[in-house]
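The block underneath contains the structure these notes are about, expressed in structure tokens.
2 protein chains.
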Amino acid sequence: MSTIPASHLDLLERPLFGHLGTVKADGAPQVTPVWFQWDGEFLSFTTSTQRAKYRHMEKNPAVALSVNDPEQPYRYLEVRGTVERMEPDTDGDFFFVLAERYGPAIDRGGLDDAPYRVKVVVRPSHCTKQ
Amino acid sequence: MSTIPASHLDLLERPLFGHLGTVKADGAPQVTPVWFQWDGEFLSFTTSTQRAKYRHMEKNPAVALSVNDPEQPYRYLEVRGTVERMEPDTDGDFFFVLAERYGPAIDRGGLDDAPYRVKVVVRPSHCTKQ
């Protein structure tokens, strides 16, 4: 049974940008836009082991994702959860799954950090919405 | 001298939604969409003393705001900073400054929690951008 409210599921199914919050070692938040995928059980992102976000999640697996509706910006969903695992994506397979989902604006030759790519898999625990 | 890069200043000047990250007492992040105002020195938000976000910022004044460009979603600005002060806004004056900035979709009679409203004033310390 999903924790995602049916009324706001479209915000995860549409290729909208999410704003992902992680927490730094010093206890301060970081928030940046991300691509994501929702499979009915897990939220997945791509990042790289060279990014601050990766280091934050290694130390503190708690994350939150905020998505609002471009057509009705007051309508939003926040998903909080925990990083279940981070899997190597060194051939970029998952990166290109997301690139495909987010459309033709991506330069397919533009993945220059494939050796460092990871797929981050998050188990949602709680949602807030409006 | 501002920490905000001139190349991305428009993302603070346009009435775009920001996604505000705070950190809960248990060290997990919270991220939700907010209205904000940039005055050249401080980022200001409205919240209420009844909200989780207020309690988080009382205990941990570190925040981060992520804004992306609706016309070019890969273009974004993240502003990190510290809550300098939270001022009572019990007549809703600042709330309506923001309501005006974000346009006519707001029901001016809809502020039913004015007694609990606060203006949150954040001093930026660092930005990331793309």
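These protein sequence lines map, in sequence, to chains U and L.
Each residue of the first sequence is one higher than the last, beginning at 43 in the numbering used here.
Each residue of the second sequence is one higher than the last, beginning at 43 in the numbering used here.
By construction, the Cβ of each residue, glycine as well, lies at the ideal position given by its N, Cα and C atoms.
Note that this is a predicted model, so its numbers are computed, not measured.
Asked: Pick from Q92/U, Q79/U, K95/U that is closest to Y144/U, judged by C-alpha positions; Found: Q79/U
Asked: Alpha-carbon to alpha-carbon, Q92/L and Q72/L; Found: 15 Å
Asked: Residue-chain proximity (M43/L, chain U), Cβ-Cβ < 7 Å; Found: Residue placement at M43/L is poorly supported in this model, since its pLDDT is 48, which falls under 50; the coordinates still yield a value, given next. No, its Cβ sits nowhere closer than 7 Å to a Cβ of chain U.
Asked: Inter-stretch contact (C-beta, 8 Å, three-pair minimum) for the segment 55-74 of chain L and the segment 104-120 of chain L; Found: yes
Asked: CB contact flag (P75/U, F87/U, <7 Å); Found: no
Asked: Where P103/U falls: helix, strand or coil (DSSP); Found: coil
Asked: Per-residue burial, A48/L [other beta carbons within 10 Å of its own, 16 or more giving buried]; Found: exposed
Asked: Short Cβ contact (7 Å threshold) for P166/L with T89/L; Found: no
Asked: Assigned secondary structure, P157/U (DSSP; H/G/I helix, E/B strand, else coil); Found: helix
Asked: Distance, T170/L Cα to Y116/L Cα; Found: 13 Å
Asked: Cβ-based neighbour list, A156/L, same chain, cut-off 7 Å, excluding 5 preceding and 5 following; Found: T132, D133, G134
Asked: Collapsed DSSP secondary structure at L53/L in the structure displayed; Found: helix
Asked: Y96/U to R122/U span [Cα, whole Å]; Found: 17 Å
Asked: C-alpha gap between L54/L and L119/U, whole angstroms; Found: 22 Å
Asked: Close beta carbons around R159/L, own chain, < 7 Å, minus the five adjacent residues each side; Found: T88, S90, D131, T132, G134, F137
Asked: Boundaries (first-last residue) of the beta strand (DSSP E) holding R127/L; Found: 114-130
Asked: Coarse secondary structure for K66/U, derived from DSSP in three states; Found: coil
Asked: Euclidean distance between Cα positions of Q172/U and W77/U; Found: 21 Å
Asked: Contact with chain L by H98/U, beta-carbon distance below 7 Å; Found: no
Asked: Where H98/U falls, given that 16 or more other Cβ within 10 Å makes a residue buried; Found: buried
Asked: P2/U: contacting residues in chain L (beta-carbon distance under 7 Å); Found: The structure shown does not extend to residue 2/U, since chain U spans only 43 to 172, so no value can be given for it.
Asked: Residue burial classification, H168/L (beta-carbon count within 10 angstroms, cutoff 16); Found: exposed
Asked: Test item: CB-CB of F84/U and V162/U under 7 Å; Found: no
Asked: Residue nearest to G82/L in terms of C-alpha spacing, selected from E100/L, D111/L, D52/L; Found: D52/L
Asked: Span of the beta strand (DSSP E) around T85/L; Found: Position check: residue 85/L holds Leu in this sequence, whereas Thr was assumed. Run containing L85/L: 85-90, per the beta strand (DSSP E) assignment.
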